[in-house]
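Peer 1: With this note's numbering as the guide, the letters of the sequence shown map in order to residues 8 to 624. I have a structure here, written as structure tokens, and I will follow up with some questions on it.
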Amino acid sequence: MNPPIELHKGLKQRHVTMIALGGAIGAGLFIGSGTLIKTTGPAAFVTSALTGAIIVLVMRMLAEMAVARPSTGSFADYARDAVGDWAGFSVGWLYWYFWVIVVGFEAVAGAQVLQYWIDAPLWMLSLVLMVAMTATNLFSVSSFGEFEFWFAGIKVGAIVIFMTLGSLFVLGFWPGRSMDFSNLWAHGGFFPLGVEAIFSNIVIVIFSMVGAEVATIAAAEAEDPARAVTKAMNSVIVRLMTFFVGSVFLLVVMMPWNNTDVHAGPFVAAFKTMGLPYADHVMNAVVLTAVLSCLNSGLYTASRMLFVLAGRREAPASLVNVSRRGVPANAILASTVVGFLCVIAAAISPQGVFLFLLNSSGAVILFVYGLIAVSQFVLRRRTDPAKLRLKMWLFPYLTIFAILAMLGILVVMYLGEATRSQLLLSLLAWGIVLLGFALNKWYQNRFGDFADAPAVPGASRVLVLANENVGAPDLLRELHAMDRTDKAEYFVCVPANPVDTHQTEHSGAVWVWQATVKAAQERLDGTLGALRAKGLKAAGVLGDHRPLVALQEAVVAFGPDRVVIITHPDARSTWLREDEVNEALGSRDLPVRHIVSSGIHDAQEPIFVPGATTAPA
């Protein structure tokens, strides 16, 4: 048996914390805050505070669930458990879609920063950044974590320096300055664009603050997931509110909100106001590290979510494969492809295709956050109180408040002409995802099995490929029927596959291989025990994690004249297809019999279980 490589426990506590900060602090804070000030006025920091409060509530709910049940699938798993398969499918694919778009956006933003120093085409610089971050993620999870730690550290350090110097400036401890807060009201008042602007611009800030939830995904690859989540979330919540709200407050106090330099680059404008030299170069370097950090964590997040979807049979099964370095290489590359396509779209049609992609992800994160809140509301009542080491505040009142707040934001988006298209395109994206869910269900029901060959009695050496042991009684009846002399030998092979044993659904990514071997061994022991209890001569072995490879190796080792495959009747298995089995058997032309726990199916009849709602696995 050749075991698959598992995801490595390569992340330390400091990595998880910085990954959460790195995902949340990107170009949105350093550049997007200028747009917020332009469209809100001096009250922009109030918008940041309100948005931050919603984010904090969502993160607290997510932390509660993550500590109680850590998983690489995180909130996709929670939505699945709480609401249903469609919700888990939706959250997984929507979140993946959001982050691959962010990856493309950050690559383009980073290239724009580089053009400040390098005279090169935007698409070329974007591709260079994409290649560099892809290589970092492919190398190892520890290299990703170390990169994120230092790059996130740079931008956090820059914010701390800005807030320290900015506070000295506004409080009058700066040379030639006295305490002055007049910019809060001197240019059209505190609400120059109306009170409603505070609420209508929450969408902008939410997009900028997204990313702290990455800690709950990364924690599954940490040494102590529960402790990692608890510390990371507590730390991130405080820092997120301080950095976003504090920075925007200092910006609107230091400079007039209607200053065009503030709109273009607020932090550069602030440092110039303080009279600091080379402010533009320094801040551009900081923005570049922020962009690369967000790009890096975005690619990590997207690949892990795709890994989980593959483990649920909701994405191609090959995406669950892990490289020898302990990273889901196929999932990383698949996510990178979309990022590359976004870069190409930005180069070819920046106001067309690329703008469409950005707009279509505008409200997606609100859908995801809304389902997180609903999941926590449902799962709180189902969770053992002993596992609730970290609890949501004032449950259920704050949970309900968060849900209503997000619904209110969606309504505001629909009412606003500038944001209505984002909402409608995001709803279109969700509709496509739900269509994908329906098609996936149909495909699994229609093609999730193979039709086996006609029965040939009189077998003497029978190879049993056991995906599930639940059909043991049916298996025994079939084996007795084909063994006319009662002298046949039986050889049982159980593929140690993390998908087919369903361990990707229940085990954290780090422990998936250990759990898979245990589950497969239990299936093997159960099947052998059932056969031997009936006086049959049976031996067995755990097979390769690739079921068809396991079948080939077992055929070579045992030399059967008959192959029997037993499975459970559900729709999640796709490897039992007639063409794939025949290919694995090669030229041996062995007859194959497929047994489902509730019945036996011949080659000529569709594999459906009477009274069942799904096709067998």
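Idealized CB from N, CA, C, for every residue including glycine. Quick caveat, the model's predicted, so the values are computed rather than measured.
(1) Tell me whether the beta-carbon of Val221 lies closer than 9 Å to the beta-carbon of Thr308.
(2) Cβ atoms of Gly369 and Phe251: under 9 Å apart, would you say?
(3) Should Ile573 be labelled buried (16 or more other beta-carbon atoms within 10 Å of its own) or exposed?
(4) Could you give the C-beta distance for Val98 and Ala86, rounded to a whole number, given that I count them as a contact under 8 Å?
(5) Would you kindly report the start and end of the unbroken beta strand (DSSP E) that includes Arg389?
(6) May I ask you to list the residues that DSSP assigns as paired with Cys500?
(7) Rounded to the nearest angstrom, what separates Gly195 and Ser149 at their Cα positions?
(8) Could you have a look at Val570 and say whether DSSP puts it in helix, strand or coil?
(9) Considering only C-alpha positions, which residue in the set Leu531, Lys238 and Val329 is nearest to Arg396?
(10) Buried or exposed for Leu583, going by 16 or more other Cβ atoms inside 10 Å?
(11) Is Ala165 near the ligand NAD, in the sense that its beta carbon is under 8 Å from a heavy atom of that ligand?
(12) Within a Cβ cutoff of 7 Å, which residues of the same chain sit near Gln383, ignoring the five residues on either side of it in sequence?
(13) For Ala354 and Thr267, what's the separation of their Cα atoms in angstroms?
(14) Could you compute how far the alpha carbon of Ala3 sits from the alpha carbon of Val255?
(15) Give every residue of the same chain whose Cβ lies closer than 7 Å to the Cβ of Arg21, excluding the five residues on either side of it in the sequence, and list them in chain order.
(16) Could you give the distance in angstroms between the alpha-carbon of Met170 and the alpha-carbon of Ser133?
(17) Taking the straight line between their C-alpha atoms, what separation do you get for Lys494 and Ala545?
(18) Output yes or no for whether 9 Å exceeds the beta carbon distance between Val524 and Leu549.
(19) Determine whether the beta carbon atoms of Pro49 and Pro284 lie at a separation below 9 Å.
(20) Going by beta carbon distance, what residues of the same chain come within less than 6 Å of Arg468, once the five residues before and after it are set aside?
(21) Measure the CB-CB distance between Ala471 and Thr534 and report whether it falls below 9 Å.
(22) Should Pro403 go down as buried or exposed, given a rule of 16 or more other Cβ atoms within 10 Å for buried?
(23) Which stretch, first to last residue, makes up the alpha helix (DSSP H) that contains Asp84?
(24) According to DSSP, Val599 sits in a beta bridge with which residue or residues?
(25) Helix, strand or coil for Ile125, going by three-state DSSP, please let me know.
(26) Indicate the three-state DSSP secondary structure (helix, strand or coil) for Phe52 in the structure shown.
(27) With DSSP as the reference, label Met186 as helix, strand or coil.
(28) Can you tell me whether Trp192 is buried or exposed? The criterion is at least 16 other CB atoms within 10 Å of its CB, across all chains shown.
(29) Just to confirm the assignment, what range does the alpha helix (DSSP H) spanning Tyr404 have?
(30) Following the continuous alpha helix (DSSP H) through Val293, name the residue where it begins and the one where it ends.
(31) Please tell me whether Leu101 and Phe278 are closer than 9 Å, where the distance is taken between their beta carbons.
(32) Could you tell me how far apart the beta carbons of Val371 and Ser433 are, in whole angstroms, since I believe they sit closer than 8 Å?
(33) With a threshold of 6 Å on Cβ separation, who are the neighbours of Phe444 within its own chain once the five nearest residues in sequence on each side are excluded?
(34) Please report the residue range of the alpha helix (DSSP H) in which Leu340 lies.
(35) Is the distance from the Cβ of Ala158 to the Cβ of Ser55 below 9 Å?
(36) Rounded to a whole number of angstroms, what is the C-alpha to C-alpha distance between Asn208 and Val245?
Peer 2: Judging by the given coordinates:
(1) On the sequence shown, position 214 is the one that residue 221 refers to. On the sequence shown, position 301 is the one that residue 308 refers to. Contact: yes.
(2) The count along the sequence shown starts at 1 and reaches residue 251 at position 244. The count along the sequence shown starts at 1 and reaches residue 369 at position 362. No. Outside cutoff.
(3) Stepping through the sequence shown from its first residue, residue 573 is reached at position 566. Classification of Ile573: buried, given that the 10 Å Cβ count is 16 or more.
(4) Mapped onto the sequence shown, residue 98 falls at position 91. Mapped onto the sequence shown, residue 86 falls at position 79. Confirmed, Cβ separation roughly 4 Å.
(5) As a working note, residue 389 is residue 382 in the sequence shown. That residue, Arg389, is in no beta strand (DSSP E); it is neither H nor E in DSSP.
(6) Counted from its first residue, the sequence shown places residue 500 at position 493. In DSSP, Cys500 forms a bridge with Leu472 and Val548.
(7) Numbered from its first residue, the sequence shown carries residue 195 at position 188. Numbered from its first residue, the sequence shown carries residue 149 at position 142. The straight-line gap from Cα to Cα measures roughly 51 Å.
(8) Residue numbering aside, residue 570 sits at position 563 when the sequence shown is read from its first letter. In the structure shown, Val570 sits in a strand (DSSP, three-state: E or B).
(9) On the sequence shown, position 389 is the one that residue 396 refers to. Looking at the Cα atoms, Lys238 is the closest of the given residues.
(10) By 1-based counting over the sequence shown, the position of residue 583 is 576. Unreliable placement is indicated for Leu583, whose pLDDT of 49 sits below 50; no coordinate value is reported for it.
(11) Looking for the ligand NAD in the displayed structure turns up nothing, as the structure carries no ligands at all.
(12) As a first step, residue 383 is located in the sequence shown; it is residue number 376 there, counting from the start. Hits under 7 Å: Met68, Glu71, Met72, Met399 and Thr406.
(13) Here residue 354 is taken as the residue at index 347 of the sequence shown, counted from 1. Here residue 267 is taken as the residue at index 260 of the sequence shown, counted from 1. Near 27 Å, if we compare the C-alpha coordinates of Thr267 and Ala354.
(14) The structure shown does not extend to residue 3, since the chain spans only 8 to 624, so no value can be given for it.
(15) Walking along the sequence shown from the start, residue 21 turns up at place 14. Correct list, in chain order: Phe156.
(16) Here the question's residue 170 lines up with position 163 in the sequence shown. Here the question's residue 133 lines up with position 126 in the sequence shown. Distance between the alpha carbons of Met170 and Ser133: 31 Å.
(17) As a first step, residue 494 must be located in the sequence shown, where it is residue number 487. As a first step, residue 545 must be located in the sequence shown, where it is residue number 538. Their Cα atoms are separated by approximately 11 Å.
(18) Residue 524 sits at position 517 when you count from the first residue of the sequence shown. Residue 549 sits at position 542 when you count from the first residue of the sequence shown. Contact: yes.
(19) The residue you call residue 49 lines up with position 42 of the sequence shown. The residue you call residue 284 lines up with position 277 of the sequence shown. For Pro49 and Pro284, no; Cβs fall outside 9 Å.
(20) Here residue 468 is taken as the residue at index 461 of the sequence shown, counted from 1. Taken in chain order, the residues that qualify are Glu496, Pro567 and Asp568.
(21) As a first step, residue 471 must be located in the sequence shown, where it is residue number 464. As a first step, residue 534 must be located in the sequence shown, where it is residue number 527. Note that residue 471 is Val in the sequence shown, not Ala. Yes, Cβ-Cβ distance for Val471 and Thr534 is below 9 Å.
(22) For the purposes of this step, residue 403 is identified with residue 396 of the sequence shown, where counting begins at 1. Exposed: under 16 other Cβ atoms inside 10 Å.
(23) For the purposes of this step, residue 84 is taken as residue 77 along the sequence shown, with counting starting at 1. Residues Phe82 to Ala89.
(24) Translated into the one-based positions of the sequence shown, residue 599 becomes position 592. Answer is Val570.
(25) Within the sequence shown, the letter at position 118 stands for residue 125. Note: Ile125 maps to coil in three-state DSSP.
(26) Translated into positions along the sequence shown, residue 52 becomes position 45. Phe52 falls in the helix class under three-state DSSP.
(27) Against the sequence shown, residue 186 aligns to sequence position 179. Three-state result, Met186: coil.
(28) As a first step, residue 192 is located in the sequence shown; it is residue number 185 there, counting from the start. Exposed, since its Cβ has fewer than 16 Cβ neighbours within 10 Å.
(29) Residue 404 sits at position 397 when you count from the first residue of the sequence shown. Its alpha helix (DSSP H) spans residues Tyr404 to Leu422.
(30) For this step, residue 293 is matched to residue 286 along the sequence shown. Counting along the chain, the alpha helix (DSSP H) containing Val293 begins and ends at Ala286 to Gly318.
(31) The count along the sequence shown starts at 1 and reaches residue 101 at position 94. The count along the sequence shown starts at 1 and reaches residue 278 at position 271. In this structure, Phe278 does not lie closer than 9 Å to Leu101 by Cβ.
(32) If you number the sequence shown from 1, residue 371 lands on position 364. If you number the sequence shown from 1, residue 433 lands on position 426. Right, the Cβ-Cβ distance comes to about 5 Å (below 8 Å), so this counts as a contact.
(33) Taking the first residue of the sequence shown as position 1, residue 444 is located at position 437. Excluding positions up to five away in sequence, the list reads Trp93 and Phe96.
(34) What you label residue 340 is simply residue 333 of the sequence shown in a count that begins at 1. Looking at the DSSP string, the run of the alpha helix (DSSP H) that includes Leu340 is Ala336 to Ile355.
(35) By 1-based counting over the sequence shown, the position of residue 158 is 151. By 1-based counting over the sequence shown, the position of residue 55 is 48. Looking at the sequence shown, residue 158 is not Ala but Phe. Cβ distance not < 9 Å, so Phe158 and Ser55 don't count as in contact.
(36) Looking up residue 208 in the sequence shown gives position 201. Looking up residue 245 in the sequence shown gives position 238. Their Cα atoms are separated by approximately 22 Å.
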